[in-house]
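With positions in the sequence shown counted from 1, the corresponding number in the numbering used here is that position plus 8.
Positions of the beta carbon are idealized from the N, C-alpha and C atoms, including for glycine.
Values in this document were obtained by computation on a predicted structure and should not be read as measured data.
Inspection log for the structure reproduced underneath, given as structure tokens.
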Amino acid sequence: MDDFKFQGWFGNKDFRFIGPELPVDQSDFDQMADFCRRTVSTIWHYHGGCIAGKVVDGDFRVIVPLRTFGISPRDKSSGYPTLLILGRYVGQKIMNNRKGGYKMVD
């Protein structure tokens with residue numbers, strides 16, 4: 009973590025925040041909303057090319073050949089963790105539909 013620390017005035021190294029300051033009154037909705045509009049951005053990037061409703065239906069049943077999904081645990085792709093989370097959600101939804109009342113776990 010030393011690579012992310014800055015040299016202080018008296019020789020010590022510490023973390024320093026570089027960027028826009030938070031509003032003084034963080035409980036003020038309008039100030040926080042304005043801060044977010046001005047400063048918040050995404051690191052999301054487009055990954056894949058499946059159109060919603062064309063690969064799975066509304067109940068997450070696959071409606072195209074599975075080889076459409078070229079993902080493997082060996083991949084170093086950023087898509088793999090997303091598929092793990094999606095798989096957990098869909099699995100719980102399927103169990104809920106089958107058992108009629110199975111609660112989803114957060």
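Item, Value
"Whole-number beta carbon distance between F68 and K101, since they are thought to touch under 8 Å", "7 Å"
"Q15 - partner residues in DSSP beta bridges", "K21"
"Residue span of the alpha helix (DSSP H) that contains R46, given as start and end", "37-47"
"CA-to-CA distance, D33 to Q39, given in whole angstroms", "8 Å"
"Inter-residue spacing [alpha-carbon to alpha-carbon] between I26 and S35", "22 Å"
"Check whether T47 and P28 have beta carbons under 8 Å apart", "yes"
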